[in-house]
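Some notes on the structure that comes next.
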Amino acid sequence: MSCVRVIFALCFVEVFGLLFMIGIKQFGINLELFDARAEQSIFDIRVSDNQKALDVGSSPVRMSNNTALLRDKTYEPKNTTLTNHVHEERTKNQTSFRCPEENSDNWNFNCKVPCANMPDKTNMSEHAQPRINCQTMQPVMELENVTGMEPVQVFPENSECLQTFVMENCHDKEPVPNLVHYIWFSKREMNFYHFLSFLSASRFLDPCLILVHGDHLPFGRYWEYLLTLVPNMVHVKRSPPEDIFGKPFGYIEHKADIARIQALQRFGGIYIDTDEIILRSLDPLRKYPVTLSRAVDYNLSNGLILAERNATFLNIWYSQYKTYDKSQWGYHSTIVPFLLSKKYPDLIHVENKTFVRPSWQQLPLLFEKNFDWSKNYGIHLYIRFYKFTHDFNDIRYLNTTVGSVARHVLYGSKELCEK
């Protein structure tokens, strides 16, 4: 009798498991989302009493101080897929073939293309470098022959010459000028991912200028190589802000949050985080006074911002820093603009995650798998969470989203490279 009960119990477990798997396939349940949803509970958002003015009548957005955990989060991929360079579902006997059409709708990465070799050393022989001449009646760009590591042109933060040049040369019929901004505080070496960000902005946006705002410029081999590829960079020398409305900052990242708004208020243009990669032209979005993108459903990412000069939305956003609390990691930088977009929808265009997906809740899609980013304008690599570094060599064979994005920037094709 006991044997019969055991057999019955085993059958019941097997049938239940089978029905469960059928249910997953039938209703499209993604088991990987459970981890993301559990992680999201950590980032519950609370609006404190002095921020209730931004409650737009919908369910209140709440953020706990646990958002600070996002600063220290690290992610180690289980598999960087640098060995087989193919998806696991492919059979071992299947050989790769040349892609019939580069950058096609095929996201299987089962074919390879020739890729140019990137130089190991920078050739800094004599080359032409643009310079803005402020001695003329109207500032003009002139080409100057330089040799070796000639530093980029430096302007003070409030330079009238630079602002006049931008107004006269970087504006067209669109409200947002085709002008790129980066923030670079402290003396840091440029890494491979920073290099990709700058290069992607140059190649896909073709900006009038790239302004690097900060107290130092990057250094290192990637910076030296970038100077040979992107000559129209200018250093806007400024110190990190120490406080906002009399309140000291808690983190260097909060200083950069303010500096990007200030740069856009003064010049207008396109602000880009140093690990944000541009994937295609942003021209269709330059017609709006301000554009941000959702990262998740309850915030807006400030890693890529398009704004006209002195935009009303930016001014309102900046004024909300009167309630700044340094213990809240991402409230004023991401939650406040989200709430303001609900309150002032005519002042901002909101993209549906086209600047950042996959989000920080979906890191395996970035670091282990391949995500179809063809509908994205940009992608945030969240490199501060990533344990591994890559370079011009191994990125050719890295079969992940990070790999495909890097190849798109470097070689003009997302496909894996031939050996």
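Anchor point for the sequence shown: position 103 equals 104 in our numbering, and the numbering is continuous, going up by one each time.
Beta carbons are placed, not taken as given, at the ideal position from N, Cα and C, and that holds for glycine.
Bear in mind that the values here come from a model prediction, so they are computed numbers and not experimental data.
Given a cut-off of 8 Å on the beta-carbon distance, is the pair Glu-175 and Gln-139 in contact?
no
Counted within 10 angstroms of its Cβ, other Cβ atoms place Ala-429 as buried (16 or more) or exposed
The structure shown does not extend to residue 429, since the chain spans only 2 to 420, so no value can be given for it.
Alpha carbon of Trp-318 to alpha carbon of Ala-117, nearest angstrom
44 Å
Would you call the segment 290 to 302 and the segment 189 to 205 in contact, with 3 or more CB pairs under 8 Å?
no
Whole angstroms are fine: how far does the CA of Arg-204 sit from the CA of Gly-269?
20 Å
Under a three-way DSSP split, which group does Arg-261 fall into?
helix
Three-state secondary structure (DSSP) of Asn-233:
coil
Distance between Leu-283 and Asn-377 (C-alpha atoms, nearest Å):
10 Å
Length of the line joining the Cα atoms of Leu-200 and Asp-216:
21 Å
Extent of the continuous alpha helix (DSSP H) run through Phe-199
193 to 206
If you measure between the beta carbons of Tyr-183 and Ile-273, is that distance less than 8 Å?
Less than 8 Å separates the beta-carbon of Tyr-183 from that of Ile-273.
Measuring only from the beta carbon, is Lys-420 closer than 7 Å to any heavy atom that is part of the ligand GTP?
Among the components of this structure there are no ligands whatsoever, and the ligand GTP is therefore not found.
When you compare the CB positions of Arg-189 and Pro-152, do they come within less than 8 Å of one another, or not?
Pro-152 sits away from Arg-189, with the two beta carbons spaced by 8 Å or more.
Separation of His-350 from Pro-1, as counted between CA atoms
The requested residue 1 does not occur in the structure, where the chain is confined to residues 2 to 420.
So the candidates are Met-142, Arg-132, Glu-309; which of them puts its Cα closest to the Cα of Val-291?
Comparing Cα-Cα distances from Val-291 to each of Met-142, Arg-132, Glu-309, the minimum goes to Glu-309.
For Gly-404, three-class secondary structure by DSSP
helix
Glu-254 versus Ile-245: straight-line alpha-carbon distance, rounded:
13 Å
Would DSSP call Leu-411 helix, strand or coil?
helix
Pro-208 burial status per 10 Å Cβ neighbour count (16 or more: buried):
Flag for Pro-208 reads buried.
Exposed unless 16 or more other CB atoms sit within 10 angstroms - verdict on Ala-129:
Classification for Ala-129: exposed.
Please classify Asp-276 as buried or exposed, where buried requires at least 16 other C-beta atoms within 10 Å of its C-beta.
buried
What's the C-alpha gap between Arg-358 and Met-142?
37 Å
Measure the alpha-carbon distance for Asn-146 versus Pro-131 and round it to whole angstroms.
9 Å
My understanding is that Trp-108 touches Asp-373, with C-beta atoms under 8 Å, so please give their C-beta distance in whole angstroms.
5 Å
Using DSSP bridges, identify the partner residues of His-182.
Leu-212, Tyr-272
Would a C-beta distance cut-off of 8 Å place Phe-368 and Tyr-387 closer than the cut-off?
yes
According to DSSP, is His-381 part of a helix, a strand, or is it coil?
Residue state, collapsed to three classes: strand.
Since Asp-373 sits in a beta bridge, which residues does DSSP pair it with?
Paired residues: none, contrary to the question.
Round the Cβ separation of Val-167 and Ile-211 to the nearest angstrom and send it over; I've been treating them as touching at under 8 Å.
So it is not a contact: roughly 12 Å between Cβ atoms.
Rounded C-alpha distance that separates Pro-365 from Leu-144
46 Å
Would you mind stating whether His-391 and Leu-382 have Cβ atoms separated by less than 8 Å?
In this structure, the beta-carbon distance from His-391 to Leu-382 does not fall below 8 Å.
Just the Cα atoms here: how many angstroms apart are Ser-334 and Asp-258?
6 Å
Report the residue from Leu-293, Val-213, Gln-164 whose alpha carbon sits nearest the alpha carbon of Asn-233.
Val-213
Along the chain, where does the alpha helix (DSSP H) containing Gln-164 start, and where does it finish?
161 to 170
Which same chain residues, not among the five before or five after Ser-187, have their C-beta less than 6 Å away from its C-beta?
none
Taking the alpha carbon of Leu-206 as the reference point, which residue from Ile-336, Ile-271, Lys-238, Gln-266 has its own alpha carbon closest?
Ile-271
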